[in-house]
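Asker: Taken in order, these protein sequences are the chains called A and B. So for the first sequence, this note's numbering puts the first residue at 1; every next one is plus one. So for the second sequence, this note's numbering puts the first residue at 1; every next one is plus one.
Number of protein chains: 2
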Amino acid sequence: MVAPRLRSRRLSEPTISRLPIYQRIAQSWLERGESRIDSSRIGELAGVTATTVRRDLAGLGALGTRGTGYDASLLNERIGEALGHDRRYSVAVVGLGNLGRALVNSSHFLIRGAVLSALYDTDPDVIGSTIAGHVVRDFAGPIEQATVAVLCVPARAAQPVADRLVAAGIHGLLNFAPEVLVVPIGTAVHYVDFSIELQILMYHLNNGTGPLGGGVLHSLGVSAGS
Amino acid sequence: MVAPRLRSRRLSEPTISRLPIYQRIAQSWLERGESRIDSSRIGELAGVTATTVRRDLAGLGALGTRGTGYDASLLNERIGEALGHDRRYSVAVVGLGNLGRALVNSSHFLIRGAVLSALYDTDPDVIGSTIAGHVVRDFAGPIEQATVAVLCVPARAAQPVADRLVAAGIHGLLNFAPEVLVVPIGTAVHYVDFSIELQILMYHLNNGTGPLGGGVLHSLGVSAGS
């Protein structure tokens, strides 16, 4: 169903989730006029070890001259290629409650090739209204093809909504509903679970681990303001 | 500032983020009246290998008799202990725009010991209104102590908001604003970035990796509906 892109090496989920963070660090370095950055600095800012950074970046090809750190510009470019940022893709959003509205109105949600293509809801008061420049359509009507769909619907609605989206040819689902989806092989589902994010924070707070303030603080060379 | 809990073993960030998923699987098994589950089954449902599951769970003590899978009830309990679910903690939310409202109205955000303690905003139209049973307070006024605070504010407001929260004695920040925070040592910050979640989905879609539909489908023993 989905044409796989050929790459030299598959990346693991933790690596994939860290690459955009490394890319943001590389970009902020470039904005400051710095052209090189080493793995320890990246690690400090991202809250991981230098070894993890080097391992994550090992599959992306040459990123500078050995011993002088990574070339920030090459790093930015190669991470973009690895994550497929050279492609444009369309995003549909289903459910324009508070969460759906927060997402489509955020300047930060749709970046790097993502283009909002359609909004859907089932509430007659919401259908026909304009949000973020798009007229909200009736989810009971025709579903337009899109690369991925974002589910901002209640848990009980998530499975039937997913079934309709998959039937309409949408094979990538970003699911914010606290519900495990059953979908055909070839459909990718990624879950975002706010309660898990809160638990990760609590774990770091209780154990003094993770990207605590100190690392970021020291590596930016600023003093603590409290 | 924060009293660290003594544990036999520090867990890595990827492990911490997977434990709540394993726990949810254990709970759904118990709900169906199944008392045991093995690492391959958990791996299929969570979209990781059985080896990863065994490694993640290795530090949690005895979880059943060798060769017969994990005891789902013990698994549920031990993960809860490892993540600190035996404690109650208070959560303040700053910023009651669409995202803040979505979070506090979600039945799924505050679970496992988390109790909403206070809501803050700076908008005079929002201050004094009641949301999720709490009267929204003026963020310019006194800030009540809480275990953690959730920042649902625009990027430009995130740093000054974080400074006030830390000064008020709140040392755990869950930051939804796309802004790196500079905080004193001892303050834990965890970032949630929606654009990164979309990029992870796109990577899986393009590469046929991650928790694709097939795994969940087969392990639940149901047929594909599309």
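Every residue, glycine too, gets a C-beta built ideally from N, C-alpha and C.
Beta-carbon of residue 81 (chain B) versus every beta-carbon of chain A: anything under 7 Å?
Answerer: Residue 81 (chain B) does not count as touching chain A.
Asker: For a contact defined as C-beta to C-beta under 7 Å, what are the partners of residue 16 (chain A) on chain B?
Answerer: Neighbours of residue 16 (chain A) on chain B, chain order: 200 and 203.
Asker: Taking three-plus beta-carbon pairs below 8 Å as touching, is the region 184 to 202 of chain B in contact with the region 125 to 133 of chain B?
Answerer: Not touching, per the Cβ criterion.
Asker: Residues of chain B with CB closer than 8 Å to the CB of residue 105 (chain A), please, in chain order.
Answerer: Chain B residues near residue 105 (chain A): 98.
Asker: Terminal residues of the continuous beta strand (DSSP E) containing residue 172 (chain B)?
Answerer: Residue 172 (chain B) -> beta strand (DSSP E) spans 172 to 175.
Asker: Which word fits residue 113 (chain B), buried or exposed, when buried means at least 16 other C-beta atoms lie within 10 angstroms of its C-beta?
Answerer: Residue 113 (chain B) should be labelled buried.
Asker: Going along chain A in order, which residues have a C-beta closer than 8 Å to the C-beta of residue 112 (chain B)?
Answerer: Under the 8 Å cutoff, chain A gives 195 and 199.
Asker: In the DSSP output, what is residue 190 (chain A) paired with across the bridge?
Answerer: According to DSSP, which records beta bridges pairwise, residue 190 (chain A) is partnered with A:174.
Asker: Compare the C-alpha of residue 106 (chain B) against each of A:116, A:80, A:99 and A:69 and name the closest.
Answerer: Of A:116, A:80, A:99 and A:69, the residue nearest in Cα terms is A:99.
Asker: Roughly how many whole angstroms lie between the Cα atoms of residue 43 (chain A) and residue 122 (chain A)?
Answerer: Cα to Cα, the separation comes out at about 45 Å.
Asker: Within this structure, are the beta carbons of residue 76 (chain A) and residue 26 (chain A) separated by less than 7 Å?
Answerer: A contact, by the Cβ cut-off of 7 Å.
Asker: When the distance is taken between beta carbons, is residue 82 (chain A) closer than 7 Å to residue 149 (chain A)?
Answerer: Not a contact, by the Cβ cut-off of 7 Å.
Asker: Using a Cβ cut-off of 7 Å, pull out every chain B residue sitting near residue 142 (chain A), in sequence order please.
Answerer: Per Cβ cutoff of 7 Å: no residues; residue 142 (chain A) is ~17 Å from chain B at best.
Asker: Which class does residue 140 (chain B) belong to by DSSP, given the choice of helix, strand or coil?
Answerer: In the structure shown, residue 140 (chain B) sits in coil (DSSP, three-state: anything other than H, G, I, E or B).
Asker: Could you pull out every unbroken alpha helix (DSSP H) segment of at least 4 residues lying fully inside the region 99 to 175 of chain B, listed in chain order?
Answerer: 155 to 167, all fully within the region 99 to 175 of chain B.
Asker: Run down chain B in chain order and give the residues with a C-beta less than 7 Å from the C-beta of residue 178 (chain A).
Answerer: Result: 108.
Asker: Alpha helix (DSSP H) containing residue 93 (chain B): first to last residue?
Answerer: Note, residue 93 (chain B): premise wrong, no alpha helix (DSSP H); beta strand (DSSP E) at 89 to 94.
Asker: Compare the Cα-Cα distances from residue 109 (chain B) to each of A:48, A:178 and A:117 and report the closest residue.
Answerer: If we check each option's Cα against that of residue 109 (chain B), A:178 comes out closest.
Asker: Only counting the same chain, and skipping five residues up and downstream in sequence, which positions put a Cβ closer than 7 Å to that of residue 39 (chain A)?
Answerer: Cβ neighbours of residue 39 (chain A) beyond the five flanking positions: 50, 53 and 54.
Asker: List, in order along the chain, the chain A residues whose C-beta lies closer than 7 Å to that of residue 124 (chain B)?
Answerer: Result: empty, since nearest Cβ-Cβ is about 20 Å, beyond 7 Å.
Asker: List the residues of chain A whose Cβ lies closer than 8 Å to the Cβ of residue 265 (chain B), in chain order.
Answerer: What the structure shows of chain B is the stretch from 1 to 226, and residue 265 (chain B) is not part of that stretch, so it cannot be assessed.
Asker: Within the 7 Å Cβ cut-off, does residue 160 (chain B) reach chain A?
Answerer: So, not an interface residue.
Asker: Taking C-beta to C-beta, are residue 136 (chain B) and residue 127 (chain B) nearer than 7 Å?
Answerer: Yes, Cβ-Cβ distance for residue 136 (chain B) and residue 127 (chain B) is below 7 Å.
Asker: Could you name the residues that DSSP lists as bridge partners for residue 37 (chain A)?
Answerer: Per DSSP, A:70.
Asker: Please classify residue 35 (chain B) as buried or exposed, where buried requires at least 16 other C-beta atoms within 10 Å of its C-beta.
Answerer: Classification for residue 35 (chain B): exposed.
Asker: Starting from residue 57 (chain B), follow the alpha helix (DSSP H) in both directions and report where the run begins and ends.
Answerer: Start and end: 50 to 57.
Asker: How would you call residue 169 (chain B), buried or exposed, if buried means at least 16 neighbouring beta carbons within 10 angstroms?
Answerer: Classification for residue 169 (chain B): exposed.
Asker: I think residue 63 (chain B) touches residue 74 (chain B), with their Cβ atoms under 8 Å apart; what is that distance to the nearest whole Å?
Answerer: At roughly 5 Å, the Cβ-Cβ gap stays under 8 Å, so residue 63 (chain B) and residue 74 (chain B) are in contact.
Asker: When the Cα atoms are used, what is the spatial distance from residue 79 (chain B) to residue 20 (chain B)?
Answerer: Spanning the two alpha carbons is a distance of roughly 7 Å.
Asker: So, with DSSP's three-state summary, where would you put residue 11 (chain A)?
Answerer: The answer is coil: DSSP assigns residue 11 (chain A) none of H, G, I, E or B.
Asker: Taking 7 Å as the limit between beta carbons, can you name the residues of its chain near residue 61 (chain A), skipping five residues before and five after?
Answerer: Closer than 7 Å at Cβ, skipping near neighbours: 78.
Asker: For residue 13 (chain A), count neighbouring Cβ atoms within 10 angstroms of its own Cβ and tell me buried if that reaches 16, exposed if not.
Answerer: Buried, since its Cβ has 16 or more Cβ neighbours within 10 Å.
Asker: What is the rounded straight-line gap between the Cα of residue 6 (chain A) and the Cα of residue 164 (chain B)?
Answerer: Confidence at residue 6 (chain A) is low in this model, with a pLDDT of 36, below 50, so its placement is unreliable and no value can be given for it.
Asker: Give the DSSP-derived three-state secondary structure of residue 179 (chain B) in the structure shown.
Answerer: Residue state, collapsed to three classes: coil.
Asker: Along chain B, which residues have their Cβ under 7 Å away from the Cβ of residue 84 (chain A)?
Answerer: The contacting residues are 202, 203 and 206.
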